[in-house]
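Data first, discussion second: the structure below is written as structure tokens.
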Amino acid sequence: MLQNQTRYQTHTQMKPNLNEFVTTILNKSNHINHLKQLQSHLTTLGHSQTHFYVFKLIRFCTLKLSNLPYAHQIFNHIHSPNIYLFTAIITAYSSSQQKNNHLLTFSLFKKMLNTSIAPNHFIYPHVLKSSKERFLVGCVHSQIVKTGFLYYPVVQTSLVDSYSKVLRGLGDAQKMFDEMSVRNVVSFTALVSGYLRVGDVGSGLKVFDEMVERDVPAWNAVISGCTQNGFFSEGIRLFREMIFVAAACEGGFCKGNKPNQVTVVCALSACGHASMLQLGKWIHGYVYRHGFVVDSFVSNALVDMYGKCGCLELARKVFNMDQCKGLTSWNSMINCYALHGKCEGAIAVFEQMVGWGVRPDEVTFIGLLNACTHGGLVEQGCGYFNMMISEYKIEPRIEHYGCLIDLLGRAGRFDEAMDVVKGMNMEPDEVVWGSLLNGCKVHGRNDLAEFAAKKLIEIDPQNGGYGIMLANIYGELGKWDEVRNVWCKLKQQKSYKVPGCSWIEVDDQVHQFYSLDQSNPKTEELYSVLESLIGYRSEVMVEM
DNA sequence: CTAGGGTTAG
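Counting from 1, one number per residue, gives the positions in the first sequence under full-length UniProt numbering.
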């Protein structure tokens, strides 16, 4: 195709219209060989160094072929690249998801400054996006001041965003934000996201409240931030408010900001964590009523929500309907089965996934190991742990060790569990010792339980729950002096156990129950119902 | 050609 066209065009309209020719060819091409042909053609015409054409080649290479190495190669062959060429290659690197490309972006920017090319305000947002340390953001910031581009709102917003994303940079982000003379919805959203990213939900919500204009990304930022920090009911409240405001705007003068796919994904995640099946189903309906494209994000969020709300069949249905299952889809489904204690299901999905040529990642193995733990498949679980390391070259993370210890501990294989703990090249965390302790309690290994409980207290001395567990272990061992000691320490420290809590959604209302609380007037009634269910008197569960 | 929002994990 290309050859014919090249020959034809060469003789007819190429000379007066080389630009049009190049554009036409690039529009119709989708392969690197086309690019190479065009490149050599341009070279024979003496245009190998013509910035204008090289710019087009690089843009084609990055945007349509997503071939950054080749684009960089083209770039490297230019003797004196101009600002356009630098911008093209820097944009490509800064928007790439590849791991260390931000370093390349940065060195290209430095190279640009060294060749004494004056930056423009278009390039700074890209450079800032690639500045992942506070020091670097500061350097670019002063560069921006020096070159006189600080007073572009877009550049300022980029600074707010970049400062808020680096370690201990939130103060600088707030300062930058305060210095802005014109703030818009984007700059506000950048700051809100910044606070929520570091877990300062209070400040994030406060800034959000101050916003006079809120668009869909602003709502999404605040809802996702709440969800990611475990503030699920706050997230749901905001989601409801968003719908309410949008409905009130309908037909009015202001623009209604209806939830989009992103909003729905965040809200579904909150529903899953809070077991709000009714709302989750309503959102599922909303997705269809509004004809949303069920992309892999929405699909995953639905699978996860149904799984967490106890509807394994519905989760599977949504999963089956997903046309382009990505890694996360498979992980979510495996996790659903693990959550429901169906290890065969999890393993079947895992095998299907591998069969489809999808490479499992570290999350996959967390789900798989949990499934094995709940199904008591010790050998198979250990096999998967080894498979992860040797076949998939995944370095076990602390979570994987937690799963493995849980697997071995529940099976009563404490020697192996301790070997694993000793062989870890990282400090065991609460999950590791907690899993071991749990296994010890099941199998009555009080000596080892004492050891694990002491480790837990070392890690988190303020957590009264661990102290109580240690006291109970001493009780089992008949060490009554030790029991008294632990209790005295607990009282001195004023550390208490966080009461166990569960909740259920009935008629759109979430009812919460704490253990051992008797403040509800219906305590006695609840108490006897519970007794009739489990056959004996247990801790009183009372609604708060 | 430039700025803010997305799922899974004991």
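Where is the CB? At the ideal position from N, CA and C, for every residue including glycine. Source: prediction; values computed, not measured.
Contact check, residue i vs residue j, beta carbons under 8 Å
i: Leu68; j: Ser96; result: yes
i: Leu456; j: Gly434; result: yes
i: Met301; j: Tyr337; result: Reading off the sequence, residue 301 comes out as Ala, not Met. Contact flag unset, no.
i: Ile83; j: Val54; result: no
i: Lys308; j: Gly272; result: yes
i: Ile398; j: Ala417; result: no
i: Asn446; j: Leu477; result: yes
i: Tyr124; j: Leu108; result: no
i: Gly225; j: Ser193; result: yes
i: Phe106; j: Leu136; result: yes
i: Gly285; j: Ile334; result: no
i: Glu450; j: Leu470; result: yes
i: Asn260; j: Ala246; result: no
i: Phe149; j: His126; result: no
i: Asn220; j: Leu196; result: no
i: Ala346; j: Val378; result: no
i: Cys61; j: Leu35; result: yes
Buried versus exposed call for residue i [16 or more other C-beta atoms within 10 Å across all chains shown]
i: residue 554; result: What the structure shows of the chain is the stretch from 1 to 544, and residue 554 is not part of that stretch, so it cannot be assessed.
i: Leu63; result: exposed
i: Ile389; result: exposed
i: Arg289; result: exposed
i: Phe385; result: buried
i: Met426; result: exposed
i: Cys254; result: exposed
i: Arg168; result: exposed
i: Thr87; result: buried
i: Met1; result: At Met1, the pLDDT of 43 sits below 50, so the modelled position is not reliable; the number obtained from the coordinates is stated separately. Per the 10 Å Cβ criterion, exposed.
i: Gln493; result: exposed
i: Thr12; result: For Thr12, the pLDDT reaches just 39, beneath the cut-off of 50, and the residue's location in the model is therefore unreliable, although a value from the coordinates is still provided. Exposed.
i: Tyr401; result: buried
i: Gln3; result: Summary for Gln3: the model assigns pLDDT 47, below 50, so the residue's position carries little reliability; its value from the coordinates is reported in the next sentence. When all chains shown are included, Gln3 counts as exposed.
i: Asn19; result: exposed
i: Gln352; result: exposed
i: Asn27; result: exposed
i: Gly409; result: buried
i: Leu407; result: buried
i: Leu163; result: According to the sequence displayed, residue 163 carries Tyr and not Leu. The residue in question, Tyr163, is buried, as its Cβ has 16 or more Cβ neighbours within 10 Å.
i: Thr373; result: buried
i: Gly280; result: buried
i: Trp330; result: buried
heavy atom of the ligand COA below 7 Å from residue i C-beta
i: Pro69; result: This structure lacks the ligand COA, and indeed carries no ligand of any kind.
Endpoints, alpha helix (DSSP H) assigned at residue i
i: Thr23; result: 18-28
i: Thr189; result: 185-197
i: Glu395; result: Segment: none, Glu395 is in no alpha helix (DSSP H) and carries neither H nor E.
i: Cys324; result: Here Cys324 belongs to no alpha helix (DSSP H), and DSSP marks it neither H nor E.
i: Ile78; result: Per DSSP, Ile78 belongs to no alpha helix (DSSP H) and is neither H nor E.
i: His47; result: Premise fails: His47 is in no alpha helix (DSSP H) and is neither H nor E.
i: Arg237; result: 232-249
i: Met418; result: 414-423
i: residue 549; result: Because residue 549 is not part of the residues shown, which for the chain are 1 to 544, the question remains open.
i: Cys309; result: From DSSP, Cys309 is part of no alpha helix (DSSP H); its letter is neither H nor E.
i: Phe109; result: 101-114
i: Lys455; result: 446-459
i: Thr87; result: 83-94
i: Trp356; result: Careful: Trp356 lies outside any alpha helix (DSSP H) and carries neither H nor E.
i: Thr147; result: 134-147
i: Leu170; result: 170-179
i: Gly204; result: 201-210
i: Arg214; result: From DSSP, Arg214 is part of no alpha helix (DSSP H); its letter is neither H nor E.
i: His126; result: 123-129
i: Phe52; result: 51-59
i: Cys271; result: 261-273
i: Ala411; result: Unbroken run through Ala411: none, as it is neither H nor E.
Inter-residue CB distance, residue i and residue j (contact presumed, cutoff 8 Å)
i: Asp215; j: Ala190; result: With 8 Å as the limit, Asp215 and Ala190 do not qualify as a contact, their Cβ atoms being about 13 Å apart.
i: Ile459; j: Glu430; result: 5 Å
i: Gly464; j: Val486; result: That pair is no contact at about 10 Å.
i: Val264; j: Val287; result: 6 Å
i: Leu37; j: Leu57; result: Per the sequence shown, residue 37 should be read as Gln rather than Leu. Gln37 to Leu57, Cβ: 11 Å. No contact.
i: Cys403; j: Leu369; result: 4 Å
i: Asp361; j: Ser332; result: That pair is no contact at about 13 Å.
i: Lys132; j: His102; result: 6 Å
The stretch 316-335 in contact with the stretch 268-278 per 3-pair CB rule at 8 Å: no
Whether or not the stretch 192-202 and the stretch 236-250 are in contact is what I'm after, with contact meaning three or more pairs of Cβ atoms, one per stretch, closer than 8 Å; do they touch? Because the criterion of three Cβ pairs below 8 Å is not met, the stretch 236-250 and the stretch 192-202 do not touch.
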